[in-house]
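Quick note, the sequences are listed as chains U and X, same order. The numbering of the first sequence is this note's numbering, which starts it at 7 and goes up by one. The numbering of the second sequence is this note's numbering, which starts it at 10 and goes up by one. The structure under discussion appears below in the form of C-alpha cells.
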Amino acid sequence: GPKVLQIPSHQIIDMGQMVTLNCDPVSNHLYFYWYKQILGQQMEFLVNFYNGKVMEKSKLFKDQFSVERPDGSYFTLKIQPTALEDSAVYFCASSLAGQSSYEQYFGPGTRLTVL
Amino acid sequence: SQWGEENLQALSIQEGEDVTMNCSYKTYTTVVHWYRQDSGRGPALIILIRSNEREKRSGRLRATLDTSSQSSSLSITAAQCEDTAVYFCATASSSFSKLVFGQGTSLSVVP
Numbered sequence: 007g008p009k010v011l012q013i014p015s016h017q018i019i020d021m022g023q024m025v026t027l028n029c030d031p032v033s034n035h036l037y038f039y040w041y042k043q044i045l046g047q048q049m050e051f052l053v054n055f056y057n058g059k060v061m062e063k064s065k066l067f068k069d070q071f072s073v074e075r076p077d078g079s080y081f082t083l084k085i086q087p088t089a090l091e092d093s094a095v096y097f098c099a100s101s102l103a104g105q106s107s108y109e110q111y112f113g114p115g116t117r118l119t120v121l
Numbered sequence: 010s011q012w013g014e015e016n017l018q019a020l021s022i023q024e025g026e027d028v029t030m031n032c033s034y035k036t037y038t039t040v041v042h043w044y045r046q047d048s049g050r051g052p053a054l055i056i057l058i059r060s061n062e063r064e065k066r067s068g069r070l071r072a073t074l075d076t077s078s079q080s081s082s083l084s085i086t087a088a089q090c091e092d093t094a095v096y097f098c099a100t101a102s103s104s105f106s107k108l109v110f111g112q113g114t115s116l117s118v119v120p
C-alpha cells in the first residue's frame, strides 16, 4: 500500500539545539499531520497542514515548533530550540482529503532523544 | 480529553481465542478509526466505522459503534500470533480530521 517515509529514524541531540524531522508523504496526498508519542502513552496530535498552511494545531505545538513543505518536497517539523520534554517518537501522516472518514497513512516515526 | 476511562490495557490470550477491546469517547464524532501499531512502526488503519453503522466487519475483525453510549469495540475472532500488536481507537474531531487517539490496548497472542 501507500507508504510514508520518515528521515531520520533516530536523532539524538543536546537540549537547545535545532532539529528538523523530515517526512516524505504519499505522493498524491494533500493533507499532512504530525503526531507525538511518548513511550507508553497515547499518540497525540500536534498539527495539520494543507495548501501551504497550518489548519489546526494543539497546545503541544509550542512556539518553538514550525512546519513547512517547501515546493512539494519533504514535509518538515522543526524544533528550535529543543527541550528535554520534546523527547518522543514523532509520527508523520498524510491523507488524500481532510474529511474524517479518510484514512491517514502513518510513517514509521522518528525517535527523538534530547539530552 | 476526548476519551473517557480508557484502556492502556495489556491483554494476553491464546491463539484461537476471541477477544474484544472497548473504548468510549466524550465528544461527538462521525467516525471511529481503529488502528493497529506493530512494534517500531507507525499505526495502520484496520477498520473504520461511521456513525450510521452499528457494525462493520472485515475478515476476522468486527467493529461496533454505539453513538448513544459513545462507545466502540473491536473484536478479533480466532486470534492468531500475528495479531499481536497495540490497538488504538481514534475519533476525528474536526473537518480537518485530526485524529484523537485513545490509550490503546496491547494485545499479545501466544501459541
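Even for Gly, the Cβ is constructed at its ideal location relative to N, Cα and C.
- Close-in-space but distant-in-sequence residues of the same chain around residue 87 of chain U (CB under 7 Å, 5 per side omitted): As a working note, residue 87 of chain U is residue 81 in the first sequence. Closer than 7 Å at Cβ, skipping near neighbours: 22, 23, 24 and 70.
- Message: With distance defined between alpha-carbon atoms, name the residue in U:97, U:50, U:78 and U:30 nearest to residue 66 of chain U.
- Response: For the purposes of this step, residue 66 of chain U is identified with residue 60 of the first sequence, where counting begins at 1. Among U:97, U:50, U:78 and U:30, the Cα nearest to that of residue 66 of chain U belongs to U:50.
- Message: Quick check: what's the CA-CA separation for residue 107 of chain U versus residue 90 of chain U?
- Response: In the first sequence, the residue the question calls residue 107 of chain U occupies position 101. In the first sequence, the residue the question calls residue 90 of chain U occupies position 84. Rounded to the nearest angstrom, the two C-alpha atoms are 35 Å apart.
- Quick one: Cα of residue 82 of chain U to Cα of residue 20 of chain U, how far? Mapped onto the first sequence, residue 82 of chain U falls at position 76. Mapped onto the first sequence, residue 20 of chain U falls at position 14. Whole-angstrom Cα-Cα distance: 20 Å.
- Query: DSSP state of residue 10 of chain X, grouped into three classes?
  - Reply: In the second sequence, counting from the first residue as 1, residue 10 of chain X sits at position 1. Confidence is the limiting factor: at residue 10 of chain X the pLDDT is only 41, short of 50, which leaves the residue's position unreliable, though a coordinate-based value still follows. It is coil, neither helix nor strand.
- Item | Beta-carbon proximity of residue 8 of chain U to residue 98 of chain U, cut-off 8 Å | Here residue 8 of chain U corresponds to residue number 2 of the first sequence, with the count starting at 1. Here residue 98 of chain U corresponds to residue number 92 of the first sequence, with the count starting at 1. No. Outside cutoff.
- Message: Less than 8 Å between CB atoms is the rule here; does residue 101 of chain U satisfy it with respect to chain X?
- Response: Working through the first sequence from its first residue, we reach residue 101 of chain U at position 95. Interface residue, yes.
- Whose Cβ in chain X lies nearer than 8 Å to the Cβ of residue 108 of chain U? As a first step, residue 108 of chain U must be located in the first sequence, where it is residue number 102. In chain order: 106.
- First through last residue of the beta strand (DSSP E) which encompasses residue 95 of chain X: The sequence position of residue 95 of chain X within the second sequence is 86, counting from 1. Where residue 95 of chain X is concerned, the enclosing beta strand (DSSP E) stretches over 94-101.
- Decide yes or no for the touch test of the segment 45-62 of chain U against the segment 28-43 of chain X: beta carbon pairs closer than 8 Å, at least 3 of them. no
- Closest to residue 30 of chain X by CA distance: which of X:92, X:48, X:85 and X:47 is it? Stepping through the second sequence from its first residue, residue 30 of chain X is reached at position 21. It is X:85.
- Query: Under three-state DSSP, which class holds residue 90 of chain U?
  - Reply: For the purposes of this step, residue 90 of chain U is identified with residue 84 of the first sequence, where counting begins at 1. Helix at residue 90 of chain U.
- Taking 8 Å as the CB-CB cut-off, is residue 114 of chain U touching chain X? Translated into positions along the first sequence, residue 114 of chain U becomes position 108. Taking Cβ atoms only, chain X reaches closer than 8 Å to residue 114 of chain U, which makes this a yes.
- Task: Give a yes or no on whether the minimum CB-CB distance between residue 28 of chain X and chain U is below 8 Å.
- Result: Counted from its first residue, the second sequence places residue 28 of chain X at position 19. So no, residue 28 of chain X is outside the interface.
- Task: May I ask which residues mark the beginning and end of the beta strand (DSSP E) holding residue 17 of chain U?
- Result: Indexing the first sequence from 1 puts residue 17 of chain U at position 11. Per DSSP, residue 17 of chain U belongs to the beta strand (DSSP E) from 16-19.
- Does residue 59 of chain X get closer than 8 Å to chain U when you measure Cβ to Cβ? The count along the second sequence starts at 1 and reaches residue 59 of chain X at position 50. It does: the Cβ of residue 59 of chain X has a partner Cβ on chain U nearer than 8 Å.
- Message: Could you compute how far the alpha carbon of residue 95 of chain U sits from the alpha carbon of residue 60 of chain X?
- Response: Locating residue 95 of chain U in the first sequence gives position 89, counting from the first residue. Locating residue 60 of chain X in the second sequence gives position 51, counting from the first residue. Their Cα atoms are separated by approximately 31 Å.
- For residue 68 of chain X, which residues in chain U fall below 9 Å Cβ to Cβ? By one-based count along the second sequence, residue 68 of chain X stands at place 59. None at all; the shortest Cβ gap to chain U is about 16 Å.
- Query: Does residue 25 of chain X get closer than 8 Å to chain U when you measure Cβ to Cβ?
  - Reply: Taking the first residue of the second sequence as 1, we reach residue 25 of chain X at position 16. Cβ-Cβ to chain U under 8 Å: no for residue 25 of chain X.
- Task: In the DSSP assignment, find the unbroken beta strand (DSSP E) run with residue 42 of chain X in it and report its ends.
- Result: Counting from 1 along the second sequence, the entry for residue 42 of chain X is found at position 33. Taken as a continuous stretch (DSSP letters only), the beta strand (DSSP E) holding residue 42 of chain X covers 40-46.
- Message: Alpha carbons only, please: which of X:108, X:68, X:117 and X:76 is nearest the one belonging to residue 91 of chain X?
- Response: As a position in the second sequence, residue 91 of chain X is number 82, starting the count at 1. Residue 91 of chain X has its Cα closest to that of X:117, out of X:108, X:68, X:117 and X:76.
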